[in-house]
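Residues 3 to 204 in our numbering are what the sequence shown spells out, letter by letter.
All C-beta atoms in this analysis are idealised placements derived from N, C-alpha and C, irrespective of residue type, glycine included.
This report refers to the structure that appears directly beneath it.
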Amino acid sequence: KALTETPDYVVFNGSVGAMAGDNAVHAKVGEKVRLFVGNGGPNLTSSFHVIGEIFDNVYLEGGVKPAQHQVQTTMIPAGGSAIVDFGLEVPGTYILVDHSIFRAFNKGAVGMIKVTGEENKLVYSGKQDDRIYQLEGGAVQNIPQASTQQPPAANKDERIARGKLLYTSICMACHQAEGQGIPKAFPPLAKSDYLNADVKRS
């Protein structure tokens with residue numbers, strides 16, 4: 003698996019869950035967080051991203067001068083590093099991921115920053131999905147299963163129900179519960195001029 007670059011696990015701080023749940027990083031609203039992120043590799047590059055934040059400054063390859071500002075995701079080469087910092091405007095749980103995203107939810111590359119402090123509804127409503135992030139997914143298991151392919155939806159109501167389930171399990175983390183998105187981070191889907199211009203295409 004090493005030679006084919008298909009590891010079972012891709013993790014933060016050496017093991018699944020090392021920066022999640024009880025091991026999460028803690029901070030407070032109004033503080034500035036600076037993360038020193040090294041990529042031990044040995045072969046994979048990292049698409050480092052914090053869900054719910056934009057990096058104010060990114061110091062590429064561990065350098066001492068910020069090379070970019072207002073960055074959503076930064077690449078970290080194998081054997082390299084980056085420094086990122088950002089201010090905290092609202093409380094909540096911010097999710098650290100490798101945005102080669104199946105490494106996160108299926109192989110373990112998930113971390114958390116738990117932020118406490120005064121809410122700011124102008125920035126974030128505070129609504130979250132109550133389900134638990136699964137740090138280990140189907141990619142690290144080997145259990146024989148029957149085919150899970152669903153038959154086509156029988157009617158419009160069933161198509162809507164399936165679409166809702168798909169949206170809440172995949173899309174909602176970024177585009178939010180009502181499709182409103184997050185300003186300057188994730189575009190809105192609700193009332194989108196692009197999507198509404200051609201409903202069939204959408």
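Since residue i and residue j are thought to touch, with beta carbons under 8 angstroms apart, how far apart are those beta carbons, to the nearest angstrom?
i: Asp10; j: Lys109; result: 7 angstroms
i: Val12; j: Leu46; result: 7 angstroms
i: Gly206; j: Ala80; result: The shown model of the chain, from 3 to 204, leaves out residue 206, and the question about it has no answer.
i: Ala179; j: Lys129; result: 6 angstroms
i: Ser49; j: Asp100; result: 6 angstroms
i: Gly165; j: Lys30; result: Their Cβ separation, rounded to whole angstroms, is 38 angstroms, which puts Gly165 and Lys30 out of contact at 8 angstroms.
Would you mind reading off the limits of the beta strand (DSSP E) that contains residue i?
i: Asn157; result: Careful: Asn157 lies outside any beta strand (DSSP E) and carries neither H nor E.
i: Asp87; result: 83 to 89
i: Phe184; result: The residue you asked about is not Phe; residue 184 is Ile in the sequence shown. From DSSP, Ile184 is part of no beta strand (DSSP E); its letter is neither H nor E.
i: Met77; result: 75 to 78
Where does residue i sit, in a helix, a strand or coil, going by DSSP?
i: Phe57; result: strand
i: Phe104; result: helix
i: Gln143; result: For Gln143, the predicted model reports a pLDDT of 49, less than 50, meaning its position is unreliable; a value from the coordinates is still stated below. Here Gln143 sits in coil by DSSP.
i: Asp10; result: coil
i: Lys30; result: strand
Any chance the CB of residue i is under 7 angstroms from a heavy atom of the ligand MN?
i: Arg164; result: As far as ligands go, the structure on display features none, and thus does not contain the ligand MN.
Name the two residues that bound the continuous alpha helix (DSSP H) containing residue i.
i: Met2; result: Any question about residue 2 goes unanswered here, given that the chain covers just 3 to 204.
i: Leu197; result: 195 to 199
By DSSP's criteria, residue i is part of a beta bridge. Which residues make up the other side?
i: Ser171; result: According to DSSP, which records beta bridges pairwise, Ser171 is partnered with nothing at all.
i: Tyr96; result: Ile115
i: Arg36; result: Asp87
i: Ser127; result: For Ser127, which the question treats as bridged, DSSP gives no partner whatsoever.
i: Leu5; result: Note: Leu5 sits in no beta bridge, so no partner.
i: Leu62; result: Ala84
Based on Cα-Cα distance, which residue from the options lies nearest to residue i?
i: Pro189; options: Asn198, Leu197, Ile56, His177; result: His177
i: His51; options: Gln74, Gly43, Val60; result: Gln74
i: Ala187; options: Ala4, Tyr169, Ile53; result: Ile53
i: Phe38; options: Ala22, Ile78, Ala26; result: Ile78
i: Gln70; options: Gly81, Asp58, Gly113; result: Asp58
i: Ala20; options: Ile85, Leu168, Ile115; result: Ile115
i: Val86; options: Ala106, Gly64, Glu120, Thr8; result: Gly64
i: Ile97; options: Thr6, Glu120, Ile56; result: Ile56
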